[in-house]
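A.B. asks: Handing you a structure now.
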Amino acid sequence: MQNINSYLNDNKDRFINELIDLLKIPSISADSAYKNDVLKTAEAIKKSLEKAGCTTVEICNTAGHPIVYGEKLIDANLPTILVYGHYDVQPADPIELWDSAPFEPVIKTTDKHPEGAIFARGASDDKGQMYMHVKALEYMTTTNQLPCNVKFMIEGEEEVGSPNLSVFVKNNKEKLRNDIILISDTGMISKDNPSITTGLRGLSYVEVEVTGPNRDLHSGLYGGAVANPINILAEMITSLHDENNHITIPGFYDKVEELSISEREEMAKAPFNLEHYKNVLDIDAVYGETGYSTNERTSIRPTLDVNGIWGGYTGEGAKTVIASKAFAKISMRLVPHQDWKEITKLFKTHFETIAPKGVKVKVTPHHGGQGYVTPINSIGYTAASKAYQHTFGKTPIPQRSGGSIPIVSLFEQELKSKTILMGFGLDSDAIHSPNEHFGIWNFLKGIETIPYFYKNFAELSK
Ligand code: BES
Ligand code: MN
Ligand code: MN
Numbered sequence: 058m059q060n061i062n063s064y065l066n067d068n069k070d071r072f073i074n075e076l077i078d079l080l081k082i083p084s085i086s087a088d089s090a091y092k093n094d095v096l097k098t099a100e101a102i103k104k105s106l107e108k109a110g111c112t113t114v115e116i117c118n119t120a121g122h123p124i125v126y127g128e129k130l131i132d133a134n135l136p137t138i139l140v141y142g143h144y145d146v147q148p149a150d151p152i153e154l155w156d157s158a159p160f161e162p163v164i165k166t167t168d169k170h171p172e173g174a175i176f177a178r179g180a181s182d183d184k185g186q187m188y189m190h191v192k193a194l195e196y197m198t199t200t201n202q203l204p205c206n207v208k209f210m211i212e213g214e215e216e217v218g219s220p221n222l223s224v225f226v227k228n229n230k231e232k233l234r235n236d237i238i239l240i241s242d243t244g245m246i247s248k249d250n251p252s253i254t255t256g257l258r259g260l261s262y263v264e265v266e267v268t269g270p271n272r273d274l275h276s277g278l279y280g281g282a283v284a285n286p287i288n289i290l291a292e293m294i295t296s297l298h299d300e301n302n303h304i305t306i307p308g309f310y311d312k313v314e315e316l317s318i319s320e321r322e323e324m325a326k327a328p329f330n331l332e333h334y335k336n337v338l339d340i341d342a343v344y345g346e347t348g349y350s351t352n353e354r355t356s357i358r359p360t361l362d363v364n365g366i367w368g369g370y371t372g373e374g375a376k377t378v379i380a381s382k383a384f385a386k387i388s389m390r391l392v393p394h395q396d397w398k399e400i401t402k403l404f405k406t407h408f409e410t411i412a413p414k415g416v417k418v419k420v421t422p423h424h425g426g427q428g429y430v431t432p433i434n435s436i437g438y439t440a441a442s443k444a445y446q447h448t449f450g451k452t453p454i455p456q457r458s459g460g461s462i463p464i465v466s467l468f469e470q471e472l473k474s475k476t477i478l479m480g481f482g483l484d485s486d487a488i489h490s491p492n493e494h495f496g497i498w499n500f501l502k503g504i505e506t507i508p509y510f511y512k513n514f515a516e517l518s519k
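459 is the number that the numbering used here gives to position 402 of the sequence shown; each next residue is one higher, with no gaps.
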């Protein structure tokens, strides 16, 4: 029976080329101009799952972009793994900051990736990581080593908050029934410090609009006498943090889970170099909530950030004007026990309350989701940990991530199953940014490690 390393040796060039083909299709879910490309990508995923040995594969239409579902069920007495991933990607802009075109993948070497990395939108988030699972399945089916049942659910709307996946999950509980959910859509500490993501933050995303006078005004004739919505919005946003970078919304921290000193000490053992962190970002200091380390600020603590702010004149030259309206998009990252709907309400009430006379304020919620933490004393975690031990020669470190995959908590709620997050990306992959890339080493390491998870999980489930 061929082992995974020799299978990888024989097939890795083909695997890389297949991924490159997938990355060429601009499956931007947020932009309706790309609707056809999103569909084309779903069809390509369907074909790849068929080729990898799934017996049933279907494209499931939703009110938005379709979900690709595939399965290979070998024995009802064996456990079932449900693989989730997403084939949609973030918009590529600002496009002028890319060194090569976002949908014309190229392989280049970097300091972190002497073996080369594929540069393209979606390379790491999440086409590259999702495709590792397709290739791992291909290996297990062609060499007759699939040790359990497997289901694939690959969606096309993750980057826009999975608005239709929840409906699909609620309506297809029997079809999706599983013993564990497996996702590669996160990162690890570094190539020689493997880690398993044990937590994701929740999210509440809102848009705010501040309206002053009913039309744009001459800033000389009216300036100083009417509320300027941009000035006011800036002040309101500033007031959302106090001098300790604590969020000032009443009730915001009420349900935040406080970790014990020993848990925090355990977390602090993860390798982290502050100088390096500052260097790669070209900043002279980190910034954040008083009393917490950088790692804590991005994992166990909730945050509030403006993602975009606009209004008034932003074209060439100067225009003397007081705008009628100002806008901002604001995200709040949440931690376990904070409820995103409740937080959204608290934000709305507070933001409306702090608006001074002379302006009107509108708060529109976009999307959100709950945070997630997974236990490390489960069969699933042990299966993953042993898989990494085998292929990295090291025990992986459990680590909470700052990012969000809101659908994970819904899986737990609706399907009653836990999720194992085996991410193989690096923070330096530049996901959502220009020059996103995924290391070829990481891609192949993922394909190598996944079959051991299957094997260990099947054995531990006996
Ligand atoms: N794969 C990311 C989330 C992620 C990345 C988690 C790295 C942990 C480590 C996912 O595609 C994503 O971008 N999620 C969004 C939320 C979504 C509702 C748009 C996020 O975290 O901003
Ligand atoms: Mn993702
Ligand atoms: Mn993403």
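Positions of the beta carbon are idealized from the N, C-alpha and C atoms, including for glycine.
The structure displayed is predicted, hence computed values, not measured ones.
(1) Going by DSSP in three states, Val-267 sits in which element: helix, strand or coil?
(2) Flag this pair as touching only if the stretch 437 to 444 and the stretch 300 to 316 have three or more C-beta atom pairs under 8 Å; answer yes or no.
(3) Let me check you understand the geometry: is the CB of Glu-216 closer than 6 Å to at least one non-hydrogen atom of ligand 4?
(4) What does Gly-496 pair with, by DSSP beta-bridge criteria?
(5) Hey, out of Ser-89, Phe-176 and Ser-261, whose CA is closest to Ile-387's CA?
(6) Please go through the same chain and pick out, in chain order, the residues whose beta-carbon is closer than 8 Å to the beta-carbon of His-298, but skip the five residues on each side of it.
(7) Considering just the uninterrupted stretch of the beta strand (DSSP E) at Trp-367, what are its terminal residues?
(8) Under a Cβ-count criterion, where at least 16 other Cβ atoms within 10 Å of its own Cβ denotes burial, should Gln-186 be classed as buried or exposed?
(9) Taking only heavy atoms of ligand 2 into account, decide whether any of them is closer than 6 Å to the Cβ of Asp-486.
(10) Is the beta carbon of Gly-480 sitting closer than 7 Å to the one on Ser-241?
(11) Using a Cβ-Cβ cutoff of less than 8 Å, which residues in the same chain neighbour Asp-78 once the five nearest sequence positions on both sides are dropped?
(12) Give the straight-line distance between the Cα atoms of Asn-68 and Lys-104, rounded to the nearest whole angstrom.
(13) Classify Lys-451 as helix, strand or coil using the three-state DSSP reduction.
(14) Unbroken alpha helix (DSSP H) runs of length 4 or more, entirely within the stretch 213 to 284: which are they?
(15) Compute every distance between the C-beta of Asp-23 and the non-hydrogen atoms of ligand 1, then say whether any falls below 6 Å.
(16) Report yes if the C-beta of Asp-242 is less than 6 Å from at least one heavy atom of ligand 2; otherwise report no.
(17) For ligand 1, any of its heavy atoms closer than 6 Å to the Cβ of Ser-252?
(18) Find the nearest neighbour of Leu-106 within the set Val-125, Lys-97 and Asn-93, judged by alpha-carbon distance.
(19) Is it buried or exposed, Tyr-445, if we count other Cβ atoms within 10 angstroms and call 16 or more buried?
(20) Quickly, what does DSSP pair Gln-456 with across the bridge? List them, please.
(21) I need the straight-line Cα distance from Asn-118 to Asn-336, nearest angstrom please.
(22) Please classify Gln-470 as buried or exposed, where buried requires at least 16 neighbouring CB atoms within 10 angstroms.
(23) Our contact map puts Phe-404 next to Met-389 with C-beta atoms below 8 Å; I'd like the distance itself, whole angstroms only.
(24) Which residues bound the beta strand (DSSP E) around Tyr-196?
(25) Can you check which of these residues, Val-343, Met-210, Val-95 and Gln-427, is closest to Thr-401 by C-alpha distance?
(26) Check for me: the beta strand (DSSP E) holding Glu-115 runs from which residue to which?
(27) Under 7 Å, do Leu-233 and Leu-472 count as touching if we go by C-beta distance?
(28) Tell me whether Ser-317 counts as near ligand 1, meaning its Cβ is closer than 6 Å to at least one heavy atom of that ligand.
(29) Tell me the DSSP secondary structure of Phe-514 in three-state form.
(30) Can you check the stretch 304 to 391 for any alpha helix (DSSP H) of at least 4 residues that lies completely inside it and give the ranges in chain order?
(31) Residues in its own chain within less than 7 Å of Ser-276 by CB, not counting five upstream and five downstream?
(32) When we look at the beta-carbon of Val-224 and count the other beta-carbons within 10 Å, is it buried (16 or more) or exposed?
(33) Tell me Ile-477's beta-bridge partners as DSSP assigns them.
(34) Determine the contact status of Glu-172 and Trp-498, defining contact as a CB-CB distance below 7 Å.
(35) In this structure, how does DSSP classify Glu-300 when only helix, strand and coil are distinguished?
C.D. replies: According to the structure data:
(1) strand
(2) no
(3) Summarising the ligand content, the structure contains ligand 1, ligand 2 and ligand 3 and does not contain ligand 4.
(4) Ala-174
(5) Ser-261
(6) Ile-304, Thr-305 and Leu-361
(7) 360 to 368
(8) buried
(9) no
(10) yes
(11) Ala-101
(12) 18 Å
(13) coil
(14) 222 to 228
(15) The structure shown does not extend to residue 23, since the chain is modelled only from 58 to 519, so the question has no answer here.
(16) yes
(17) no
(18) Val-125
(19) buried
(20) Thr-254
(21) 46 Å
(22) exposed
(23) 7 Å
(24) Segment 184 to 199 is the alpha helix (DSSP H) holding Tyr-196; no beta strand (DSSP E) there.
(25) Gln-427
(26) 113 to 117
(27) yes
(28) no
(29) helix
(30) 318 to 324, 331 to 338 and 351 to 354
(31) Thr-377, Val-378 and Ile-379
(32) exposed
(33) Leu-239
(34) yes
(35) coil
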